[in-house]
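Participant: These protein sequences, in sequence, are chains A and B.
Numbering of the first sequence is given in the working numbering, commencing with residue 600 and proceeding in unit increments.
Numbering of the second sequence is given in the working numbering, commencing with residue 189 and proceeding in unit increments.
I'd like to ask some things about the structure below.
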Amino acid sequence: MPEPTTPLSIVPAIPIGTWLETGFEAFKDTFDAAFDVLRDVISTAIDGLAGVLHAPDPLVLALGFALLAWLVRNWKLGLGTLVGMVLIIGMDMWDPAMDTLAIVVVATVIALVLGIPLGIWAARSTTVSRILKPVMDFLQTMPGFVWLVPVVKLFSIGVAGAMVATVIFALAPAVRLTELGIRQVDKEVVEAGHAFGAAPRQILRDVQLPLALPSVMAGVNQVIMLSLSMAVIGGLVGAPGLGNEVIKSLSTLDLALGFDGGISVVILAIFLDRLTASIGTRRPGRGRLRELRDRFTRTPAASAAP
Amino acid sequence: MPAIEAHHLYKVFGRKGREGVRRLEAGADAEELRKAGLTPAVVDASFTVDEGEIFVVMGLSGSGKSTLIRMINGLHPPTSGHVELYGENITAATGKDLRRLRRERISMVFQHFALFPHRTVLDNAAYGLEAQGVGKEERRARAHEALELCGLTGWDDHLPGELSGGMQQRVGLARALAADTDILLMDEAFSALDPLIRRDMQDQLVELQQKLGKTILFITHDLNEAMRIGDRIAMMRNGRIVQVGTAEEILTDPANDYVAQFVADVDRTRVLTASSVMEPPAATLKAEQGPRAAHKVMREHQVPALFVTGRDRTLRGYVTEDEVGRNLDRTDITTLLHPVPEAARVAPDTALADLFGPAAETPAVAVVDDDGRLLGVVPRITLLAALSQDGTSQDGTSQDEPSRNETEAARA
């Protein structure tokens, strides 16, 4: 690397990037074996899920998605989902779309498993909150592409690296909205829990988390959206899926292929967004099954009510 | 053993709270502390609440009463001082011990209800029992009972959001009652309710307390509420308790100008009772007395009628001067007795408000105890005098003038 020259400035060269790289190399050398294991685990998980998604006939799975959308939200989303999925099949983008979906699902699960406990911790400790805040700012505002370099160095080209970059990129909203949701729970309601002698753990489980659920679910929704956008970028480092198609179209200037891939991403994004957004706005306090049962037993007049 | 004992409680907000307490003990006032960046919320509060008592802490907003009540159950640790519940120091308790004390001893009703919006009414009411580890069937049965006790039947499966404010607070009350603790803390529990519903809830609370015998620490900024339900009242100002006493004591003998000013607007007729305004009867007659002696007594006191009592001071009736004068030849006055109408015989704890009706019918209302013994009389003029602000039962005569002037002014 050439030495940076600063002839007209009294500010000395501050090569943060170089320092980070040095540190990163040492880190990599130390934990190389661990990362190999991690790569295998992630690849296996994604391959497994992708295998499941690829197994049934596309149309059957499309119908399954439509049914899920109908159950969770309403028949309109169900119908829209069916139309969208059929479009993807028609554009011959089904296989890459399922690869992308697998990455998004696994990345989302990992981001939530890491993010929600961190959010809870931050909500209960001001110190943790103060430390996490700049870290989350850093993760959220760093351009997504930047994460590709270190992950390729750690995991080499392939789906595992793309996955890790996706998790890093998508982690912040899970932490933030969980913390926010818990902190927003009415102080007096939490006091009521304490006043009746409930343990902090019970209050978290029975009061704070259920009441924070809409906010947490909004976080889940954002994590999914960010995962999707990053999973596409992950195509740059060899992750299979729609990103790969888009990159291919870029290198061959294939406009048709580019739009096919792009539109498939849009359809997938809308599907996932509407699906998870409706879970977040669900009325608190009622079990999912009970709500589903109500949906089937409700009279038409009642279903017209908001 | 008293249910609650508060020993020199201080709460000073700020980084050096303890330093603030030391300065307050040395005689510094709140203003000095505020300049040093400290906020004294509660200053040297000591009181005891006896078992089965409704103890009301009364103060305006910012007087520190909410902070005070939260120190009683350990939601806020005091900066200094401590609280004992049935002799157990809750201030020193932590973790498991603290939770056990709360579960066994003390439950709370909140100003804004603080119900769990995601749980049904029944599960809300059962929360305290759930924290105590009571099994599902039993806690639901007991919660249901508590809800019925609070007048909420048939709402078990609704969510709190579907209920009106008054009903939500009934759920809050049921939740506290279901926990079956000895002590109930009520933090401005009725302040968020409409006046009519509030009155209703106050009456019900007193009724429930009599039925269940709970010890209640009630916080309010409404003096009428305090006087209505409180066995004893602590008046709070700027974090200090300035007076503790019964409603009547505070009304008739305010500790300082602040309290006096405060109680000026109280509806005295609802707080003062017959016993606090009654006078010893100017004279009474014994049933065995002869008419001549009776007539003489009545002429001496210039009264048109007198109460007649038996040997054991039980009220027998009254005689009028007219009739006695016309029948001077009888052996005694027994035959001339008129029975005192039921309405004109009142118990000593009757509110003044309920004396006006009887007083309109007879010149003087007789105050009798449970055994029918005459304790005193409330002449009309005394009743009017008691209404005026600085009128007290002791110097009723000095109040005659203004009252008379008032009536004359009203006539003119």
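Ideal Cβ placement from N, Cα and C applies to all residues, glycine included.
Predicted, not measured: the structure shown is a model, and the values here were computed from it.
1. Using 8 angstroms as the Cβ pair cut-off and three pairs as the minimum, do the segment 302-317 of chain B and the segment 782-790 of chain A touch?
2. Confirm, please, whether the CB-CB distance from L335 of chain B to A362 of chain B is below 8 angstroms.
3. With a threshold of 16 other CB atoms inside 10 Å of the CB of Q398 of chain B, please say whether the residue is buried or exposed.
4. For D375 of chain B and M296 of chain B, which I take to be in contact (beta-carbon distance under 8 angstroms), what is that distance rounded to the nearest angstrom?
5. Judging by CA-CA distance, which residue of B:R358, B:V322, B:P551 and B:E326 is the nearest neighbour of G339 of chain B?
6. Any heavy atom of the ligand PLP within a distance shorter than 7 angstroms of the CB on T617 of chain A?
7. Need the endpoints of the beta strand (DSSP E) that D375 of chain B sits in, please.
8. Look at the alpha carbon of H306 of chain B and the alpha carbon of P772 of chain A, and state the distance between them as a whole number of angstroms.
9. Assuming L273 of chain B and R258 of chain B form a contact by the criterion Cβ under 8 angstroms, report the distance between their Cβ atoms to the nearest whole angstrom.
10. Going by C-alpha distance, which of B:V454, B:P479, B:L562 and B:R504 is nearest A541 of chain B?
11. In chain order, what residues of the same chain have a beta carbon less than 7 angstroms from the beta carbon of W570 of chain A, not counting five sequence neighbours either side?
12. Is DSSP giving E413 of chain B helix, strand or coil here?
13. Let me confirm a value: E530 of chain B is counted as buried when at least 16 other C-beta atoms fall within 10 Å, else exposed. Which label applies?
14. Do three or more CB pairs link the segment 193-211 of chain B to the segment 229-243 of chain B at distances below 8 angstroms?
15. In chain A, which residues lie with their C-beta within 7 angstroms of the C-beta of F304 of chain B?
16. Which stretch, first to last residue, makes up the alpha helix (DSSP H) that contains L248 of chain B?
17. For A314 of chain B and T550 of chain B, I'd like the C-alpha separation in whole angstroms.
18. Taking only runs of the alpha helix (DSSP H) that begin and end inside the segment 662-697 of chain A, which ones reach a length of at least 4 residues, in chain order?
19. Reducing DSSP to helix, strand and coil, say where R533 of chain B ends up.
20. Rounded to whole angstroms, what's the CA-CA distance from I421 of chain B to G247 of chain B? Just pull it up for me.
21. Leaving out five residues before and five after V766 of chain A in sequence, what residues of the same chain have Cβ atoms less than 7 angstroms from its Cβ?
22. Using a Cβ-Cβ cutoff of less than 6 angstroms, which residues in the same chain neighbour E778 of chain A once the five nearest sequence positions on both sides are dropped?
23. Check A367 of chain B in the structure and name its three-state DSSP category.
24. Taking the alpha-carbon positions, what's the R206 of chain B to L212 of chain B distance?
25. So V485 of chain B and V496 of chain B are supposed to be a Cβ contact under 8 angstroms. How far apart are they, rounded?
26. Using C-beta distances below 6 angstroms, list every residue in its chain close to G860 of chain A, excluding the 5 sequence neighbours before and after it, in chain order.
27. For the alpha helix (DSSP H) that A422 of chain B lies in, which residues bound it at each end?
28. Determine, using beta-carbon pairs with one atom in the segment 742-754 of chain A and one in the segment 794-814 of chain A, whether at least three such pairs fall under 8 angstroms.
29. Would the segment 864-874 of chain A and the segment 662-680 of chain A be scored as touching if the rule is three or more Cβ pairs under 8 angstroms?
30. Counting only beta-carbon atoms, is G316 of chain B nearer than 8 angstroms to chain A?
31. Listed in chain order, which residues of the segment 528-559 of chain B have Cβ atoms closer than 9 angstroms to some Cβ of chain A?
32. Please decide whether Q783 of chain A counts as near chain B, where near means a Cβ-Cβ distance under 8 angstroms.
33. At a CB distance below 9 angstroms, what residues from the segment 418-429 of chain B approach chain A? Give them in sequence order.
34. For G208 of chain B, would you say it is in contact with chain A, using Cβ-to-Cβ distances shorter than 8 angstroms as the test?
35. Compute the Euclidean distance between the alpha carbons of A547 of chain B and E239 of chain B, then round it to the nearest angstrom.
36. By the 10 Å Cβ neighbour count, where 16 or more other Cβ atoms means buried, how is E318 of chain B classified, buried or exposed?
Facilitator: Reading it off the structure:
1. yes
2. Yes, Cβ-Cβ distance for A362 of chain B and L335 of chain B is below 8 angstroms.
3. exposed
4. 7 angstroms
5. B:R358
6. Looking for the ligand PLP in the displayed structure turns up nothing, as the structure carries no ligands at all.
7. Taken as a continuous stretch (DSSP letters only), the beta strand (DSSP E) holding D375 of chain B covers I371 to D375.
8. Straight-line spacing of the CA atoms in H306 of chain B and P772 of chain A works out to 24 angstroms.
9. The pair is not a contact, with the Cβ atoms about 14 angstroms apart (cut-off 8 angstroms).
10. The residue with the shortest Cα to Cα distance from A541 of chain B is B:V454.
11. Absent from the structure is residue 570 of chain A, since the part of chain A shown begins at 600 and ends at 905.
12. DSSP places E413 of chain B in helix when its eight states are reduced to three.
13. exposed
14. yes
15. V788 and V806
16. Unbroken run through L248 of chain B: none, as it is neither H nor E.
17. 54 angstroms
18. You should have 674-689.
19. Residue state, collapsed to three classes: strand.
20. C-alpha separation (whole angstroms): 10 angstroms.
21. A706, I709 and A710
22. G718, A721 and A722
23. coil
24. 10 angstroms
25. Going by Cβ atoms, the distance from V485 of chain B to V496 of chain B rounds to 11 angstroms, so no, they are not a contact pair.
26. L841, E844 and V845
27. From DSSP, A422 of chain B is part of no alpha helix (DSSP H) but of the beta strand (DSSP E) over R420 to R425.
28. The segment 742-754 of chain A is not in contact with the segment 794-814 of chain A.
29. Contact between the segment 864-874 of chain A and the segment 662-680 of chain A is present, because at least three Cβ pairs lie under 8 angstroms.
30. yes
31. none
32. no
33. none
34. no
35. 37 angstroms
36. Buried, by the Cβ-count rule.
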